[in-house]
Amino acid sequence: ALTRLSEILPIRYREQPTGAVDVFSDSDFLVLGNVTQQLEIKTTSTSSTSFRIELSKTGHDISRSGGELRGVIEGRDDILGGFLNRLDEFASTLISEFNRFHSSGEGFVGYESILSQNPVFDSTVPLNQESAGLVFTPQHGSFDIKIVNQQTGIVETTTIPVDLDGLGADSSLEDIRATLNGIANLSAVITPKGELQLNANAGYEFRFSKDTSGLLSSLGMNTFFSGTSAGDIDVSEILKTNSDFLGTGQGDGPSDGSNLVGLLNFLEEPVATLNSLSLTGFYEQTVSQVAHDSASESALSQGFETFRDSLRSQQQQFTGVSLDEEAIKVLELQRSYQAAARIVTTVNELFAVLLNL
């Protein structure tokens with residue numbers, strides 16, 4: 058039991074005259090006389106998925122004291138956790154940048170109504186402030202919205218400024234709503250949940266283009282992906298329902314596939330947030346790093362196993378002796394000697410008799 062426990066975490070023990078054994082780990086006791094400590098799992102205050110192992114009475118954190126326990130936790134939080142962070146970074150960048158590109162494209166059909174996928178916490182604060190609650194932060198720029206008469210095909214284009222230059226009053230979602238609501242044949246409202254909803258009047262539809270601010274992507278309007286990370290990335294429900302909303306062109310008619318060409322080349326384009334790596338380059342770098350780390354950890358593990366086996370062999374040389382077993386062996390040798398001695402004595406007596414004949 059002590060051998061197995063020593064594999065889980067570093068321990069030392071002390072045997073009492075009574076035969077009882079006290080067990081310690083670092084400066085804490087695990088077993089002390091009749092008192093024992095249990096191991097308890099505690100989640101951290103910052104995350105419900107990150108945890109530590111504490112002793113029940115002293116409250117000491119022994120998560121990384123050593124042994125298998127430390128290996129499992131480091132494997133989960135550092136090695137696997139580091140890979141998951143890279144995966145989340147890849148997915149988040151893919152969602153943000155791909156949506157930013159897609160949101161400036163036009164599909165075969167326009168929208169009669171749309172609801173943003175990403176709500177804001179406060180519709181009155183500038184959209185690039187943390188209190189707005191947008192995961193993907195927009196920047197100073199603008200976007201175009203086109204109101205299309207479905208019967209005549211006449212298009213009215215309006216440029217919506219997104220003022221986020223830090224000079225004067227920057228744009229809030231309420232400011233954007235008010236500007237959009239002032240466009241003929243279009244209404245804009247903010248729902249109680251903080252979502253922006255646009256509705257075209259009967260007989261009209263609207264399309265988006267030329268978004269230099271990234272606001273449409275930030276709000277989740279006219280986007281390809283939904284979600285913010287590897288855990289919830291998905292294709293937009295609108296596209297799942299009707300693929301005609303896929304932003305293949307940039308407003309030059311049904312045969313326009315210019316935006317689709319850009320989307321196809323997107324994975325090879327350098328991304329500033331990835332230190333100018335492309336998404337393909339970032340992916341290949343991550344896979345290479347995982348393979349390298351795996352090989353290194355495997356070699357290190359094999360080295361430690363060899364070292365452990367060597368120590369175990371040495372330990373058995375010194376501690377593998379049983380006094381009872383050795384006493385029995387000595388007794389067996391003693392009995393064998395006594396039997397041999399009797400034979401020799403008997404043979405000697407026979408020789409003496411023969412010599413006296």
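Just so we're aligned: the sequence shown equals residues 58 to 414 in the working numbering.
Glycine is no exception: its CB is placed at the ideal position from the N, C-alpha and C atoms.
Rounded to whole angstroms, the Cβ separation of P183 and L221 is 6 Å, and the two are in contact under 8 Å. Under the three-state reduction of DSSP output, K267 falls in the coil class, being neither helix nor strand. V292 has F282 as its beta-bridge partners, per DSSP. Setting aside the 5 residues that flank it on each side, L255 is surrounded in the same chain by I171, A245, each with a C-beta closer than 6 Å to its C-beta; the list follows chain order. Taking K250 as the centre and dropping the five residues before and after it, the same chain places the C-beta of P176 closer than 6 Å to its C-beta, in chain order. Selection R264, T181, L126, G90 evaluated against T75 yields G90 as nearest (Cα-Cα). In this structure, the straight-line span from the alpha carbon of N142 to that of T343 is close to 11 Å. Scanning its chain for C-beta atoms nearer than 7 Å, with the 5 sequence neighbours on each side dropped, one finds around L191 the residues N175, V177, L184, S275, in chain order. Secondary structure of S244 (DSSP, three-state): strand.
Nearest to E111 by C-alpha distance, out of Q73, L66, R71, F140, is L66. Around the beta carbon of A77, fewer than 16 other beta carbons lie within 10 angstroms, which makes this residue exposed. According to the DSSP assignment, I65 belongs to no beta strand (DSSP E) but to the alpha helix (DSSP H) extending over 59 to 65.
Residue environment for E163: buried (at least 16 other C-beta atoms within 10 angstroms of its C-beta).
Scanning the region 315 to 381 for uninterrupted alpha helix (DSSP H) segments of 4 residues or longer gives 315 to 321, 336 to 376, listed from N- to C-terminal end. Going by DSSP, R234 is part of the alpha helix (DSSP H) stretching over 230 to 238. Burial check for I211: the Cβ neighbour count within 10 Å stays below 16, so the residue is exposed. Annotation: the continuous alpha helix (DSSP H) that includes E131 extends over 124 to 131. In this chain, the beta strand (DSSP E) harbouring S82 covers 78 to 82. In the three-state reduction of the DSSP assignment, E252 falls in the coil class.
Here the C-alpha atom of L144 lies approximately 18 Å from the C-alpha atom of N156. Linking G123 to N322 through their CA atoms gives a straight-line distance of about 48 Å. With a cutoff of 8 Å on beta-carbon distance, S160 and F265 are scored as near each other.
When DSSP states are grouped into helix, strand and coil, D145 belongs to the helix group. Listed in chain order, the non-local C-beta contacts of S113 below 7 Å within the same chain comprise Q94, Q95, E97, local neighbours out to five positions each way being set aside.
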